[in-house]
Amino acid sequence: MAPHQAGNKKRRREPSNVDTKLVEIYEDLANEKDEIRLKAAQALVSQFTPDVNPTDEQIKKVLERLFRGLCSSRKAARIGFSIALTEVLTQVLSEPRESSEIDIPRVVRFWEAQSNAAGGESGQEQRDHHFGRLFGAEAIIKSSILFKPKAPFSEWTKLLELVFDLAKKKPWIREECGWIIYRCVYELSAQKADAKYVETALEHLCSNELARTPEGVAIWLAAKDLFPKVQFPTKVWKHDDPLDAKERNQLAKVMKDSSVSEAENQGGNPKSSGVWSSKLHFAWDAVLSRLGDSPAKDSKSKTSRLSFVDFWTEVVDNGLFAASSSEERKYWGFLLLIKVLNESPLLLASFVFTKNLVRCLTNQLAVEDRYLHRMAVKAAKTIQARVSKEPEFAAAAINGLMGSAGAVNFDQVTKTKTVEKIVVEADLDSLKQIVPLFEKLITRPGTDDSKAAASSRQFLAGLLLSIVRAQASASDEAEEGAQAVLEHILFTFVRFAYFMEKDGESRGQASAEPALTQQTQELFRNRINSCLNSLIANQKYATDLPYAVVRKIRDAAKSEEYGPFIIAMDDTLQDSVKSAFKSLKKLSSTEKKGDTAGVDAFKLLYSMTILQVYNGDADAVSMLEELDFCFSKIFTDKKSKEETADASDALVEILLSFASKPFQLFRRMSEQVFGAFADKISENGLDSLVSILEAKESLAGQQEMFEQQDDEGDEEMMDADEEDSDVEVIDAEGSGSNEGDEEDEDEDEEESSDEEADGDDDEEAIFEAKLAEALGAHRADSEGPEGSDDDMNDDEMEQVDQQLAKVFQARREALHQKKDKKDAKENMVNFKNRVLDLLEIYVKKCHSKLLALDLLLPLLRLTRKSTVKQISNKANSVLRDYTRLCKGSALPKLESEEPVWELLKSIHQEAHNSGPPSHASACSQASLLVVKVLVAHDKDTISGIVDVYADTRKQQFISKKCHVQPSFFTEWNNWCVSASKQMKN
1 MAPHQAGNKK RRREPSNVDT KLVEIYEDLA NEKDEIRLKA AQALVSQFTP
51 DVNPTDEQIK KVLERLFRGL CSSRKAARIG FSIALTEVLT QVLSEPRESS
101 EIDIPRVVRF WEAQSNAAGG ESGQEQRDHH FGRLFGAEAI IKSSILFKPK
151 APFSEWTKLL ELVFDLAKKK PWIREECGWI IYRCVYELSA QKADAKYVET
201 ALEHLCSNEL ARTPEGVAIW LAAKDLFPKV QFPTKVWKHD DPLDAKERNQ
251 LAKVMKDSSV SEAENQGGNP KSSGVWSSKL HFAWDAVLSR LGDSPAKDSK
301 SKTSRLSFVD FWTEVVDNGL FAASSSEERK YWGFLLLIKV LNESPLLLAS
351 FVFTKNLVRC LTNQLAVEDR YLHRMAVKAA KTIQARVSKE PEFAAAAING
401 LMGSAGAVNF DQVTKTKTVE KIVVEADLDS LKQIVPLFEK LITRPGTDDS
451 KAAASSRQFL AGLLLSIVRA QASASDEAEE GAQAVLEHIL FTFVRFAYFM
501 EKDGESRGQA SAEPALTQQT QELFRNRINS CLNSLIANQK YATDLPYAVV
551 RKIRDAAKSE EYGPFIIAMD DTLQDSVKSA FKSLKKLSST EKKGDTAGVD
601 AFKLLYSMTI LQVYNGDADA VSMLEELDFC FSKIFTDKKS KEETADASDA
651 LVEILLSFAS KPFQLFRRMS EQVFGAFADK ISENGLDSLV SILEAKESLA
701 GQQEMFEQQD DEGDEEMMDA DEEDSDVEVI DAEGSGSNEG DEEDEDEDEE
751 ESSDEEADGD DDEEAIFEAK LAEALGAHRA DSEGPEGSDD DMNDDEMEQV
801 DQQLAKVFQA RREALHQKKD KKDAKENMVN FKNRVLDLLE IYVKKCHSKL
851 LALDLLLPLL RLTRKSTVKQ ISNKANSVLR DYTRLCKGSA LPKLESEEPV
901 WELLKSIHQE AHNSGPPSHA SACSQASLLV VKVLVAHDKD TISGIVDVYA
951 DTRKQQFISK KCHVQPSFFT EWNNWCVSAS KQMKN
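Each residue of the sequence shown is one higher than the last, beginning at 1 in UniProt numbering.
As structure tokens, then:
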């Protein structure tokens, strides 16, 4: 027990001889936080500065401890100890120390001894010692003690031997060994050291057969750049340059880390590192930084270096991305692609879209479970990011992904929106290259299959539309030249939409192969509408571009530059179009006299109507005639009020004709034109709008409004291509909701669905009854022998067939009628929405006009009567805007009181009706607006107004049919309080 106790006592006394502060420093050197490591390193180094004058024993202990610490795998020990070691060596050996035994050879021996891996250690311990040797060499090199004038050169040689020996014996650490020597070349250059250090490094590189490795290439190139006068080992690289054009094949093998089997016939290639790394080798940086966009002549050897294009094609595309390359090497290829896209100049980055690379990118993007899918996605996003950062890169990216190396349907194959996102980010210079490329690809999509070609053309049309939308939504300060690009896109659509190309080669342009189908040409016509829909929303393009489109169609039809015009037009149509173009020409001269808004609106209207003629719309011809009438009346120098009113009425009818079409394009156009002429709308014109609001939302209402017009035109419009089209779909059930009536809405929907279900059941029961009557005793489920067909003669069977035919015919007619009713309701809802849009514009521009008061009652009735909540809410919204705008000086000025008194009484009568909560509020607002108008005209009218409200209050008490809401009188009382104060003042 005594020895054991004595031992324990000895261990307890031992800490008294240990420098606890130094222990804490060593502990902190291994900390994972940078600031703690640096602080510890600073504390340690401060103990070994020349002014402190440490003893040899102290220096020996700290050096051994630091070299030993480099061999630790604990936390961040290697980093912290390496920093401290570098600084301690610099302090201790930067200047010769008198009577000191600690010199450079001894330091190298410390390093070699502490980092030596003995045979009895475990594999992990050996790896730790190898890394310790590596970090020790780096610390010695960074301290620069070996490069001092009096430093023994043999120690530099010793260090090189140990490092290269480690690199050769342990291929998995070879890259790190190479990196140390590579960076050392830069250190030597910065210190302007003797070239002999580099020469010796190159000799050891070759003697260890490491010259033809990625590390060897990097070291060689650094030496060649920084020490051009050094004597390079012979017979390694032609003209002593790994980047010599004649070394491209060998360089490709070296950079992809080829194995011995691949390089046996080349002689001298080292063994592959044998360990794949997910990080890109530093040698790629060394090579890429020394490649230009064109071959550069070496003045000494008069040979040329590889250009970036040649390097990328041979080493990357034919090397890493070759079909036979492993997934690991293709992974490196993607890393290189991302690196170049992120870091290289625009010119070099433009050359990366080579054939094998784009093929690999496409294949890996297309399937999610492929090994390199995530890397491909990252690469695609990097391309997009580069375009977003530098929009001028878009042309190179699109040409690379869709041109000769890529595929027209890149986005379709890869199920991404890579190309689509790139084109909307492109700048104008890029678009000037992209749009002609797309036109070329539409002409020759690279396939003989008609369906595949149609699909590619549809995709290209969508991309062109995306470009138009992006440019149309750009700021008003768009670059000059944008209109030219937009015109090119529109003219491309015109070329393929309206003409059948023949003998294209004779006109200097290739004809489309395979030929465009009718469906594709119709698609392009729809795309023109979609483009114009976006463009007319921007005032900058609203007038000129629609006119440019129809002018191009006219000129191309005359010159046949794109082939024969495919739209059949008789002499009457042609005369109407000619007359319309003459009017457009006159408008240009009228524009100089003023009224720019009116002229622009008419130019837009003429252009869109002519386009409808070219699209085969039968109604467009009569619309052109009405337009000519409007033009002659509105823009003549001498015009009476009656003529102007007639013209504005006709204009309203034309705009309603456009507004009735289920396309957003025509809605926008009608709104824009209506806004320019709203102040010229007469009472008759306003009545035309109001009559639509008062029509029933049913088949009967549609027949009344459209006078039972043929439905064929509407069906053609509704069958237009839906993708990217501007067809508007109106939810017949409405999307808006009033406050407090969600439960009512749910109940209404349930009742409606129940009624529809009951209706379907009733129809089914009637059909079953008629079917049973037709079959009589011969129903399949009837019992008895009389149910057999054998008992029927031919006449009886024919009679049954006739009866069945009638039953099924009636069934078809009933179903068709039901569909007609549904379609009619949707059409009427759509039409009322469009009219409300126009009235919204009218009240904003003309709310101070007396005529605008005529809208109050129709809007109130629509709020109450509409079966579609969306329409009811929208009517209420228009009325609310109107009453909000009419205040103070903006109130209409009365010519006669009597009609306004009648209007007030009618509003109060309308308030008697029950309706949604919004209706009661709207009635109150409308009534108060009329009250304000009367009081503004004559304050004495207040007595009569009180009588009107009193009569309504009386009706609320005595009439069961009066459903005036309490809020109607509350708001009136509030107005009375505020108005009486103003009147008394």
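All residues carry an ideal CB built from backbone N, CA and C; glycine is no exception.
As the structure is a prediction and not an experimental result, all values here were calculated from the model.
**Request:** Look up V729 in the DSSP assignment and say whether it is helix, strand or coil.
**Result:** In this prediction, V729 has a pLDDT of 45, which is less than 50 and means its spatial position is unreliable; nothing more can be read from the coordinates.
**Message:** Let's test the definition: count the other Cβ atoms within 10 Å of the Cβ of Q114 and tell me whether it reaches 16, buried, or not, exposed.
**Reply:** buried
**Asked** Q483 and D544 look like a contact to me (Cβ under 8 Å); what is the Cβ gap, rounded to whole Å?
**Response** 7 Å
**Message:** So, at 8 Å on beta carbons, what are the nonlocal neighbours of Q384 in its own chain, with the 5 sequence-adjacent residues on each side left out?
**Reply:** T418, K421, I422, E425
**Request:** Determine the closest residue to V900 out of N876, A875, K932, with distance taken between C-alpha atoms.
**Result:** K932
**Asked** Given K432, which residues of its chain have a CB within under 7 Å of its CB, disregarding the five upstream and five downstream residues?
**Response** V485
**Asked** By how many angstroms is the C-alpha of K582 removed from the C-alpha of V549?
**Response** 16 Å
**Request:** Please state if the CB of Q91 and the CB of F48 are separated by a distance shorter than 7 Å.
**Result:** yes
**Spatial neighbours of Q965 in its chain, beta-carbon cut-off 6 Å, leaving aside the 5 residues before and after** = A920
**Request:** Would you identify the three-state DSSP class for S122, choosing helix, strand or coil?
**Result:** coil
**Request:** Could you name the residues of the same chain whose beta carbon sits closer than 8 Å to that of L928, not counting the 5 residues immediately before and after it, in chain order?
**Result:** T883, E971, W972, W975
**Request:** In the DSSP assignment, find the alpha helix (DSSP H) that holds T520 and state where it starts and stops.
**Result:** 518 to 535
**Asked** Which term fits P242, buried or exposed, when burial requires 16 or more other beta carbons within 10 angstroms of its beta carbon?
**Response** buried
**the stretch 611 to 627 contacting the stretch 566 to 581, beta-carbon criterion three pairs below 8 Å** = yes
**Residue range of the alpha helix (DSSP H) that includes T492** = 482 to 498
**Prompt:** Between the stretch 938 to 949 and the stretch 862 to 878, do at least 3 Cβ pairs fall closer than 8 Å?
**Reply:** no
**Message:** For D244, list the residues DSSP reports as bridge partners.
**Reply:** R305
**Request:** Say whether the stretch 509 to 520 touches the stretch 533 to 541, bearing in mind that this needs 3 or more beta-carbon pairs closer than 8 Å, one atom from each stretch.
**Result:** no
**Cβ shell of residue 989 (< 8 Å), same chain only, five flanking positions each side left out** = Only positions 1 to 985 of the chain appear in the structure, and residue 989 is not among them; the question remains open.
**Proximity to L29 [Cα-Cα], best of K246, Q250, R68, D257** = R68
**Message:** Give me, in chain order, the residues of the same chain whose beta-carbon lies closer than 6 Å to that of T447; leave out the 5 immediate sequence neighbours on both sides.
**Reply:** A453
**Prompt:** So, do the stretch 685 to 692 and the stretch 864 to 873 have three or more beta carbon pairs nearer to each other than 8 Å?
**Reply:** no
**Message:** Helix, strand or coil, according to DSSP, for K565 in the structure here?
**Reply:** This sequence places Phe at residue 565; Lys is not what is there. Strand.
**Asked** If you draw a straight line from the C-alpha of P514 to the C-alpha of S456, how long is it?
**Response** 12 Å
**Asked** If you draw a straight line from the C-alpha of D429 to the C-alpha of G481, how long is it?
**Response** 9 Å
**Prompt:** Whose C-alpha, out of P149, F135, R78, F110, is nearest the C-alpha of I180?
**Reply:** F135
**Item:** In chain order, each alpha helix (DSSP H) run of at least 4 residues that lies wholly inside the stretch 394 to 423
**Value:** 394 to 402, 410 to 414
**Request:** Note down, in chain order, each residue of its chain lying with its Cβ closer than 8 Å to the Cβ of K142, except the 5 sequence neighbours on either side.
**Result:** T86, E187
**Request:** Throw me the rounded Cβ distance for the K168 and N208 pair, which I believe falls under 8 Å.
**Result:** 5 Å
**Among A349, L89, A76, nearest to F131 - alpha-carbon criterion** = A76
**Asked** Roughly how many angstroms lie between the CA atoms of E897 and A950, to the nearest whole one?
**Response** 20 Å
**Message:** Once DSSP output is grouped into helix, strand and coil, what is the label at F353?
**Reply:** coil
**Reduced DSSP secondary structure (H/G/I, E/B, other) of F663** = strand
**Request:** Give the secondary structure of R668 by DSSP, where H, G and I count as helix, E and B as strand, and everything else as coil.
**Result:** helix
**Asked** Quick one, are the C-beta atoms of V494 and L605 less than 7 Å apart?
**Response** no
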